[in-house]
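Have a look at the structure below, then the notes.
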């Protein structure tokens, strides 16, 4: 990943979303490109057109906080997008340790976390910030039947989402989740520009998924810590959960995700069934509806 290229790409993508009218300018006839022109953004931010062009082309290094804040105001960036803009403008590169978070070696969840998962009654998992699945508790294995048998760290939720045909059936709100996932990976890339493994993951998805490539070109960033998700399970039908994502301290860049059934919803009964299957090792993970 080229940090200065990413910075210019982000500025250009956000500039295209601001109309002259919404910025208090007159339209001025037909436009070849959507959004504000470079000279209009520069004028509104109080900087020279030449300097803004150098910023967008990646030729101006170390812009001041005042310049970045002025650009953020004109571009109407939210808190997450502002932080992303500052990170891209001043990437903090570090030396990549052999077995550290940027390593090519597959990460693994700490044994203490694995034991914790076993005591959680709802589906729970440990993920890397690249969306590698590092550990699943037994009931989560019954929910995520497509990757339950994969070795820790070898099943990636973004790869499954964009490259596996069955993902569109499994995720009820596939389109929303796809956009959120791309924004989340872009935010991670902004925080860790030295992560070559993440860069290769993004390059693969851009090359093999037209949808990922299109969403990536929008330069959206996303940080979701809670919300709702619905899944179509091959044996028990549609399940709807509220999820919580907790970032874990430490250099491993891991997070704990829990899925709690929506109250007074059929999901509660379906989850009880999945839990009973998880307690019985003789029941196959991908149990079919007729076996229920």
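Residue numbers (my numbering): 95 to 386. Even glycine gets a Cβ: it sits at the ideal position worked out from N, Cα and C.
Check, Outcome
"What is the DSSP secondary structure of residue 325, reduced to helix, strand or coil?", "strand"
"Does the Cβ of residue 365 have 16 or more other Cβ atoms within 10 Å, making it buried, or fewer, making it exposed?", "buried"
"Excluding the 5 residues preceding and the 5 following residue 147 in the sequence, name in chain order all residues of the same chain whose CB lies nearer than 7 Å to its CB.", "132"
"My assumption, with CB atoms under 8 Å, is that residue 327 sits in contact with residue 338. Please give the rounded CB distance.", "Their Cβ separation, rounded to whole angstroms, is 20 Å, which puts residue 327 and residue 338 out of contact at 8 Å."
"Take residue 187 and list the residues in its own chain whose beta-carbon comes closer than 7 Å to its own, dropping the five residues that flank it on each side.", "Because residue 187 carries a pLDDT of 47, less than 50, the predicted location of this residue cannot be relied on, and the following value inherits that uncertainty. So the qualifying residues of the chain are 287, 288."
"For residue 217, count the other beta carbons within 10 Å of its own beta carbon; 16 or more makes it buried, fewer makes it exposed. Which is it?", "buried"
"Would you kindly work out how many angstroms separate the C-alpha atoms of residue 181 and residue 117, rounded to a whole number?", "25 Å"
"CB-CB under 7 Å to residue 135, same chain, minus the five flanking residues each way: which ones, in chain order?", "109, 146, 168"
"Where does residue 364 sit, in a helix, a strand or coil, going by DSSP?", "helix"
"For residue 278, which residues from the same chain have a beta carbon less than 6 Å from its beta carbon, with the 5 sequence-adjacent residues on both sides left out?", "316"
"Below 8 Å CB to CB, which residues in the same chain sit around residue 370 once its five sequence neighbours on both sides are set aside?", "none"
"Please tell me whether residue 348 and residue 228 are closer than 8 Å, where the distance is taken between their beta carbons.", "yes"
"What is the rounded straight-line gap between the Cα of residue 152 and the Cα of residue 142?", "16 Å"
"Buried or exposed: residue 274, going by 16 or more other Cβ atoms within 10 Å of its Cβ?", "buried"
"Across the region 243-253 and the region 208-227, are there enough close Cβ pairs to call them in contact, namely three or more that are closer than 8 Å?", "yes"
"Sort out for me which residues DSSP pairs residue 339 with in a bridge.", "351"
"Kindly identify the DSSP beta-bridge partner or partners of residue 331.", "327"
"From the DSSP output, in three-state form, read off residue 149 for me.", "helix"
"Can you find the residues in the same chain that come closer than 8 Å, C-beta to C-beta, to residue 237, ignoring five residues on each side of it along the sequence?", "217, 325, 327, 333, 353, 368"
"Anyone know if the C-beta pair for residue 166 and residue 149 falls short of 8 Å?", "no"
"Residue 226 bridges to which residues according to DSSP?", "250"
"In chain order, what residues of the same chain lie with their CB nearer than 6 Å to the CB of residue 203, ignoring the 5 residues before and after it?", "220, 228, 229"
"Just list the alpha helix (DSSP H) runs in the region 152-188, keeping only unbroken ones of 4 residues or longer that don't cross its boundaries, in chain order.", "159-169, 173-183"
"Within this structure, are the beta carbons of residue 302 and residue 271 separated by less than 8 Å?", "no"
"Going by alpha carbons, who is nearest to residue 335 out of 262, 322, 155, 158?", "322"
"Within 8 Å of any Cβ in chain C, is that where the Cβ of residue 341 sits?", "Of the protein chains in the structure, only one exists, and it is not chain C."
"Give me, in chain order, the residues of the same chain whose beta-carbon lies closer than 6 Å to that of residue 207; leave out the 5 immediate sequence neighbours on both sides.", "220"
"Run through the region 110-146 for me and flag every whole alpha helix (DSSP H) of 4 or more residues, listed as ranges in chain order.", "132-139"
"Just to confirm, are residue 372 and residue 235 a CB contact at a threshold of 8 Å?", "yes"
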